[in-house]
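Asker: Heads up, the sequence shown is in this note's numbering, so the first residue is 395 and it goes up one at a time.
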Amino acid sequence: MIRNDKTAVPTPEMLAALGAGHVAYVKPIMSEDAMRLYPQLGEIRPGLKLFTLNAADGTPIMIADSAEGAVANAWEQELVPVSLH
């Protein structure tokens, strides 16, 4: 924690760790970006809208073809899913 006058300001590292192991977020992603984040996917048709589930720190967990699928996976892993816009 960094002290700024009388106010405590969390460090970027502390903010990144918030929700670790408890919270995950669902984010829309295009197939072109998915191939970069998930090289094991191989070739995917460009222009597809997919959804990625990420740990609170941004680490990719999984990818789905629907937001509902990503949310269901979060619940299966006992993570609280949130959505980013």
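Note that CB positions come from ideal geometry on N, CA and C, so glycine has one too. Please read these numbers as outputs of a predicted model, since none were measured by experiment.
1) Specify, as a first and last residue, the run of the beta strand (DSSP E) that alanine 402 falls within.
2) How would you write the range of the alpha helix (DSSP H) that leucine 431 sits in, first residue to last?
3) Find out if the Cβ-Cβ distance for the pair leucine 447, isoleucine 455 is shorter than 7 Å.
4) Rounded to whole angstroms, what is the Cα-Cα separation between isoleucine 438 and leucine 444?
5) Out of curiosity, what's the CA-to-CA distance linking glutamate 372 and histidine 416?
6) Taking the alpha-carbon positions, what's the asparagine 467 to threonine 401 distance?
Answerer: A quick look at the data gives this:
1) 401-403
2) 425-431
3) Taking a C-beta distance under 7 Å as the contact criterion, leucine 447 and isoleucine 455 qualify as a contact pair.
4) 11 Å
5) There is no way to answer for residue 372, as the model of the chain reaches only from 395 to 479.
6) 38 Å
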